[in-house]
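Report on the following structure.
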Amino acid sequence: ALQQCANSARHSLERRKMKFSAALILATLLGYVAAHRDSPAKKVIDFIKELKAEIQADTDDEAASFGKFKDWCNATVTAATSNIDEEKSLIEDCNQKIESWSGAEAASGAEVLNAKKNLKEN
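Residue numbers (my numbering): 1 to 122.
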């Protein structure tokens, strides 16, 4: 009877080991299938990763474009400021010439009147 009880315990232990091994194999197989199958959650995660990469690339491109635009704006403002300063100086020179010519014209006009007066008197 003791022998029979030991054999029964051994068979029970072996059956439990086999069931455990089968369960372990099944769990491993299911894990492998789940990891390699495109589940809806995995698809969403992959989509988000792709979207993140695209956004990062777009952001980098936009930053480069903005940098170029900023440099162009700075160069344009510098050139425009320089041109404005040159033109202000030119306008001032022209105004001074106009004033001096106006004074010379007035003096010439006075000389003409004086010459006419002298002609009448002589």
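No residue lacks a Cβ here, since even glycine has one placed at the ideal position from N, Cα and C.
1. Which class does Asp-46 belong to by DSSP, given the choice of helix, strand or coil?
2. Specify the secondary structure class of Asp-38 as computed by DSSP and reduced to three states.
3. Measure the C-alpha to C-alpha separation of Leu-26 and Asp-46 and round it to an integer number of angstroms.
4. Distance, Cα to Cα, Ala-41 vs Asp-71?
For this structure:
1. helix
2. coil
3. 27 Å
4. 45 Å
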